[in-house]
Amino acid sequence: MSKTYKIGVIRGDGIGPEIVTEALKVLDRVGSVCDMNFEYNEMLLGGAAIDATGVPFPEATKSGVSECDAVLFGAIGGSKWDSLERHLRPESGLLALRSHMGTFANLRPAVVYDELVNASTLKPEVISGVDIMVVRELTGGIYFGQPREYLSDHAYNTMIYTKNEVERIAKIAFEIAQKRDKRVCSVDKANVLEVSQFWRDIVTEIAKGYPDVELSHMYVDNAAMQLIRNPKQFDVILTSNLFGDILSDAASMLSGSIGLLPSASTGKGVGLYEPIHGSAPDIAGQGIANPLATISSAAMMLKYALNEIEASQKIDNAIKQALKDGYRTGDIGAYDAKTICNCSQMGDVIVSYIK
0 MSKTYKIGVI
10 RGDGIGPEIV
20 TEALKVLDRV
30 GSVCDMNFEY
40 NEMLLGGAAI
50 DATGVPFPEA
60 TKSGVSECDA
70 VLFGAIGGSK
80 WDSLERHLRP
90 ESGLLALRSH
100 MGTFANLRPA
110 VVYDELVNAS
120 TLKPEVISGV
130 DIMVVRELTG
140 GIYFGQPREY
150 LSDHAYNTMI
160 YTKNEVERIA
170 KIAFEIAQKR
180 DKRVCSVDKA
190 NVLEVSQFWR
200 DIVTEIAKGY
210 PDVELSHMYV
220 DNAAMQLIRN
230 PKQFDVILTS
240 NLFGDILSDA
250 ASMLSGSIGL
260 LPSASTGKGV
270 GLYEPIHGSA
280 PDIAGQGIAN
290 PLATISSAAM
300 MLKYALNEIE
310 ASQKIDNAIK
320 QALKDGYRTG
330 DIGAYDAKTI
340 CNCSQMGDVI
350 VSYIK
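Now the structure itself:
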């Protein structure tokens with residue numbers, strides 16, 4: 000008997016609706032091949048929600064996500080809403096959604112495809128074979144710490160982590176490493192920040208429960224340098240919210256295009272799966288966006304939320320085969336392209352490779 004999964008769908012703003020459409024097309028195909036059904040619950044968030052309801056995170060979305068097995072998300076934001084008060088902007092809706100869903104762990108793979116090794120600004124011999132997973136703590140640290148205030152003559156924020164927050168994100172990193180190359184590099188700034196020393200001590204203690212995983216520590220400034228100098232030394236990078244925000248973006252550029260890379264936000268319950276790129280309002284509606292990151296996010300959703308490993312691998316293999324056969328969207332069209340595709344055409348190509 001075939002399984003049925005309830006998937007929350009948040010298309011969002013800018014190119015979000017276009018790229019999500021292609022991901023759903025691919026999900027439907029892999030579902031038919033692997034005997035699965037998907038029920039989609041469309042919800043609003045960000046700018047689209049502001050336009051429709053006046054708020055970036057409507058009550059209908061808040062209640063809707065709790066009824067889903069996972070949520071697939073496109074992108075939010077745009078200059079149209081920049082003049083609103085900070086708490087009413089699209090980005091505040093995404094922060095509220097993550098908090099509501101309890102998604103404390105952000106997983107960002109940085110993979111360099113063999114066919115696109117020349118797309119990176121780094122030398123092929125430096126990045127060939129790179130396969131990194133950045134595990135970022137998502138709901139603690141300086142972004143959420145209290146007190147915080149902006150005053151006329153000064154401003155301040157608070158960086159704080161609890162023992163539980165560090166323990167739970169560390170366990171996720173070690174569990175992921177066990178299924179990869181069994182190496183975790185914990186990144187902090189323990190030489191100058193008490194909260195980082197606290198982080199390091201707890202991670203070291205948690206590591207004792209995973210004797211098959213090698214743990215190393217690295218200061219964040221050195222980690223940024225090493226990502227560029229020798230990225231292949233990393234397997235799983237574990238780090239805090241602020242440092243992870245910066246390092247995951249740096250790692251993403253190893254691939255040559257942020258249009259290729261997915262992410263997952265997981266934790267207590269329902270997970271959120273989204274591309275790492277933004278809403279790209281300058282190309283919205285033109286049909287030229289690269290949907291591969293969103294399609295890869297759907298593959299991550301199958302793997303981490305639904306435990307449908309075979310289906311996830313079929314999507315990953317289809318992407319690799321499409322790139323190997325020379326299919327490219329415009330953003331990566333300069334690199335060994337045989338056929339330039341628009342957004343919808345690339346979705347069709349991926350579908351055709353899923354058998």
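Residue numbers 0 to 354, in numbering that gives the first Met the number 0, belong to the letters of the sequence shown in order. All C-beta atoms, glycine included, are put in the ideal place defined by N, C-alpha and C.
- Between Ile257 and Leu246, the C-beta spacing is not below 8 Å.
- Taking the Cα of Ser343 as reference, the smallest distance to any Cα among Ile227, Gly13 and Leu23 is reached at Leu23.
- Here Leu291 is buried. Its C-beta has 16 or more other C-beta atoms within 10 Å.
- Per DSSP, the unbroken alpha helix (DSSP H) holding Cys342 starts and ends at Cys342 to Tyr352.
- Note on Lys313: 16 or more other CB atoms within 10 angstroms of its CB, so buried under the neighbour-count rule.
- Burial of Ser119 is indicated by the presence of at least 16 other C-beta atoms within 10 angstroms of its C-beta.
- The DSSP-derived three-state label of Asp187 is strand.
- Beta-carbon to beta-carbon, Thr338 and Gly325 are separated by about 6 Å, close enough to satisfy the 8 Å threshold.
- A residue is called buried once 16 or more other Cβ atoms fall within 10 Å of its Cβ, and Ile308, having fewer, is exposed.
- By the CB criterion at 8 Å, Val212 and Phe242 fall outside the cutoff.
- Under the three-state reduction of DSSP output, Thr161 falls in the coil class, being neither helix nor strand.
- Beta-bridge analysis with DSSP links Val235 to Met132 and Val183.
- Rounded to whole angstroms, the gap between the alpha carbons of Thr52 and Ile227 is 44 Å.
- Here DSSP, grouped into helix, strand and coil, assigns Glu41 to strand.
- When the beta-carbon positions are compared, Leu214 and Ser185 come within less than 8 Å of each other.
- Ranked by Cα distance from Lys122, the options Pro230, Ser62 and Val134 are led by Pro230.
- Sequence-distant Cβ neighbours of Lys79 in its own chain, meaning closer than 7 Å and more than five residues away, are Gly46.
- Annotation: Met252 to Leu260 spans about 9 Å, alpha carbon to alpha carbon.
- C-alpha of Tyr160 to C-alpha of Ala263: approximately 22 Å in a straight line.
- Val202: member of the alpha helix (DSSP H) spanning Glu193 to Ala206, first to last residue.
- One thing to note: Ile201 has its Cβ no nearer than 8 Å to the Cβ of Lys170.
- Pairing Ile168 with Val134 gives a Cβ-Cβ distance under 8 Å.
- Shortest Cα-Cα distance from Pro210 to any of Ala69, Phe173, Val129 and Glu166 involves Phe173.
- Between Pro146 and Thr157, the C-beta spacing is below 8 Å.
- Checking the DSSP bridge columns, you'll see Arg10 has no partner listed.
- In this structure Ala74 is in contact with Ser278, their Cβ atoms being roughly 4 Å apart against a cut-off of 8 Å.
- Excluding sequence positions up to five before and after Asp130, its CB lies within less than 7 Å of the CB of Val110, all in the same chain and listed in chain order.
- Straight across, the Cα-Cα distance linking Ala59 with His276 is about 26 Å.
- Cβ-Cβ distances below 7 Å link Val350 to Lys24, Val25 and Arg28 in the same chain, with the five nearest sequence neighbours on each side left out; the list follows chain order.
- Annotation: the continuous beta strand (DSSP E) that includes Ala74 extends over Ala69 to Ala74.
- Between Tyr112 and Leu305, the gap from beta carbon to beta carbon reaches 8 Å or more.
- Under DSSP, Ile275 shares a beta bridge with no residue.
- Between the C-alpha atoms of Arg85 and Ala48 there is a straight-line separation of about 15 Å.
- Within the stretch 297–322, no alpha helix (DSSP H) run of at least 4 residues lies entirely inside it.
- Selection Glu90, Leu192, Asp152 and Ile126 evaluated against Gly140 yields Leu192 as nearest (Cα-Cα).
- For Gly284, the closest C-alpha among the options Ala249, Tyr4, Gly13 and Glu66 is that of Gly13.
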